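Colleague:
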Amino acid sequence: MSEACALITIDGPSGSGKGTVASLLARQLGWHLLDSGALYRLLALAAQRRGISLDDDAALGTLGAQLDVRFVAAEAGLHGQRILLEGVEVGDELRTEQAGAGASQVAALPAVRAALLQRQRDFRVAPGLIADGRDMGTVVFPDAPLKVFLTASAEERARRRYLQLKDKVADVNLRSLLEEIRERDARDMHRAVAPLKPAADAVQLDSTTLSIEQVLERILTEAAARGLV
Ligand code: DC
Numbered sequence: 159m160s161e162a163c164a165l166i167t168i169d170g171p172s173g174s175g176k177g178t179v180a181s182l183l184a185r186q187l188g189w190h191l192l193d194s195g196a197l198y199r200l201l202a203l204a205a206q207r208r209g210i211s212l213d214d215d216a217a218l219g220t221l222g223a224q225l226d227v228r229f230v231a232a233e234a235g236l237h238g239q240r241i242l243l244e245g246v247e248v249g250d251e252l253r254t255e256q257a258g259a260g261a262s263q264v265a266a267l268p269a270v271r272a273a274l275l276q277r278q279r280d281f282r283v284a285p286g287l288i289a290d291g292r293d294m295g296t297v298v299f300p301d302a303p304l305k306v307f308l309t310a311s312a313e314e315r316a317r318r319r320y321l322q323l324k325d326k327v328a329d330v331n332l333r334s335l336l337e338e339i340r341e342r343d344a345r346d347m348h349r350a351v352a353p354l355k356p357a358a359d360a361v362q363l364d365s366t367t368l369s370i371e372q373v374l375e376r377i378l379t380e381a382a383a384r385g386l387v
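Per the working numbering, the sequence shown runs over residues 159 to 387.
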């Protein structure tokens with residue numbers, strides 16, 4: 159791991175657009191991508207498969223330290239990455255609201271966060287890393303030269319999620335999505351360990367009325383100002 163390796167952290171609540179922005183930036187710059195939320199989702203999924211309760215801190219900490227997870231960059235022309243849990247590709251199952259809620263639950267446990275800390279830091283390899291999550295700038299990479307905190311109103315985030323889901327899920331409902339988003343925000347922001355909050359030195363961007371392209375442009379401008387790109 160190189161401490162000097164270029165790094166941009168992007169934190170914020172679900173639906174702020176950070177996953178899309180992080181993946182596009184990584185591809186555009188040819189850097190690595192850490193989707194830290196996927197680690198928490200994978201851990202919750204693996205625990206459910208093994209019948210481990212989602213509040214069993216010690217058992218989940220042990221599982222988190224040993225979990226066999228691999229992220230494989232998508233082929234040229236495609237964005238995102240393939241995710242393998244115990245050698246088997248995990249598909250849409252990882253992106254359901256249920257997986258997100260399970261992730262949010264296990265993410266509140268101290269032994270889980272401790273088990274995943276070094277695993278996340280190991281993603282910092284040349285030529286650079288885009289780290290997407292909730293505590294990338296505050297806990298995992300406090301020395302990052304550029305920290306972005308991306309937000310959007312809860313209503314706009316629910317609307318984006320609705321548009322993503324409406325063709326895939328039969329009974330998607332905007333009001334219940336908004337409620338789920340508010341519940342998840344409250345749990346992520348008020349937990350004792352590594353709560354969702356901007357780092358003191360983060361650049362805060364509200365994407366409610368911005369396009370993905372505009373968000374990318376703002377981040378690249380900040381990165382250029384710091385000599386990162
Ligand atoms: O970004 P996401 O929706 O995939 O994250 C799923 C959950 O994992 C989210 O509710 C909070 C948690 N999480 C976290 O606590 N810390 C991170 N760095 C990333 C995600």
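All C-beta atoms, glycine included, are put in the ideal place defined by N, C-alpha and C.
What you are looking at is a predicted structure, and each value in this text was computed from that prediction instead of being measured.
Within the same chain, show all residues whose beta-carbon is closer than 6 Å to that of Ser194, passing over the 5 residues directly before and after it, in chain order.
Modeller: Position 36 of the sequence shown, counted from the first residue, corresponds to residue 194. Once the five neighbours on either side are set aside, the close Cβ partners of Ser194 are Gln278, Gly291.
Colleague: Would you list, in sequence order, the uninterrupted beta strand (DSSP E) runs of no fewer than 3 residues that lie entirely inside the segment 202–284?
Modeller: With a minimum length of 3 residues, the continuous beta strand (DSSP E) runs that stay inside the segment 202–284 are 227–231, 239–243.
Colleague: Do the segment 258–275 and the segment 330–344 touch if we need at least three Cβ pairs shorter than 8 Å?
Modeller: Verdict: yes, contact present.
Colleague: What three-state label does DSSP hand Lys305 in the structure shown?
Modeller: Taking the sequence shown and counting its residues from 1, one reaches residue 305 at position 147. Three-state DSSP puts Lys305 in a strand.
Colleague: Leu354 lies in the alpha helix (DSSP H); which residues open and close that run?
Modeller: Taking the sequence shown and counting its residues from 1, one reaches residue 354 at position 196. Element bounds for Leu354: n/a, residue is neither H nor E.
Colleague: Less than 9 Å between the C-beta atoms of Leu308 and Lys176, yes or no?
Modeller: Taking the first residue of the sequence shown as position 1, residue 308 is located at position 150. Taking the first residue of the sequence shown as position 1, residue 176 is located at position 18. Going by C-beta atoms, Leu308 is nearer than 9 Å to Lys176.
Colleague: Starting from the Cα of Arg333, find the closest Cα among Arg384, Arg319, Asp169 and give me that residue.
Modeller: As a working note, residue 333 is residue 175 in the sequence shown. The option with the nearest alpha carbon to Arg333 is Arg319.
Colleague: Using only the heavy atoms of ligand 1, determine whether one of them is closer than 8 Å to the beta carbon of Arg345.
Modeller: Numbered from 1 along the sequence shown, position 187 holds the residue referred to as residue 345. The answer is yes for Arg345.
Colleague: Would the C-beta of Gly385 count as close to ligand 1, meaning under 8 Å from any of its heavy atoms?
Modeller: Here residue 385 corresponds to residue number 227 of the sequence shown, with the count starting at 1. No - ligand 1 has no heavy atom lying nearer than 8 Å to the Cβ of Gly385.
Colleague: Roughly how many angstroms lie between the CA atoms of Ala217 and Leu287, to the nearest whole one?
Modeller: Numbered from its first residue, the sequence shown carries residue 217 at position 59. Numbered from its first residue, the sequence shown carries residue 287 at position 129. Approximately 30 Å, taken between the alpha carbons.
Colleague: Beta-carbon within less than 6 Å of Leu200's beta-carbon, same chain only, minus the 5 sequence neighbours each way: which residues are those?
Modeller: If you number the sequence shown from 1, residue 200 lands on position 42. So the qualifying residues of the chain are Val227, Leu243.
Colleague: Cutting at 8 Å between CB atoms, please list the residues of its own chain near Ser160, excluding the five before and the five after it.
Modeller: Taking the sequence shown and counting its residues from 1, the one referred to as residue 160 is at position 2. Reliability fails at Ser160, whose pLDDT of 47 lies under 50, so the model's placement of it is uncertain and the value that follows must be treated cautiously. Hits under 8 Å: Arg282, Val283, Ala284.
Colleague: Let me know if Lys326 comes out buried or exposed under the rule of 16 or more other beta-carbons within 10 Å of its beta-carbon.
Modeller: Locating residue 326 in the sequence shown gives position 168, where the first residue counts as 1. Burial call: exposed.
Colleague: Counting only the same chain and skipping the five closest in sequence on each side, list residues whose C-beta sits under 6 Å from that of Ile210.
Modeller: In the sequence shown, counting from the first residue as 1, residue 210 sits at position 52. Ala217.
Colleague: Taking only heavy atoms of ligand 1 into account, decide whether any of them is closer than 8 Å to the Cβ of Gly209.
Modeller: Taking the sequence shown and counting its residues from 1, the one referred to as residue 209 is at position 51. Answer for Gly209: no, Cβ out of range of ligand 1.
Colleague: So, at 8 Å on beta carbons, what are the nonlocal neighbours of Ser262 in its own chain, with the 5 sequence-adjacent residues on each side left out?
Modeller: The residue you call residue 262 lines up with position 104 of the sequence shown. Excluding positions up to five away in sequence, the list reads Tyr198, Arg342, Arg345, Asp346.
Colleague: Span of the beta strand (DSSP E) holding Val297?
Modeller: Counting from 1 along the sequence shown, the entry for residue 297 is found at position 139. Element bounds for Val297: n/a, residue is neither H nor E.
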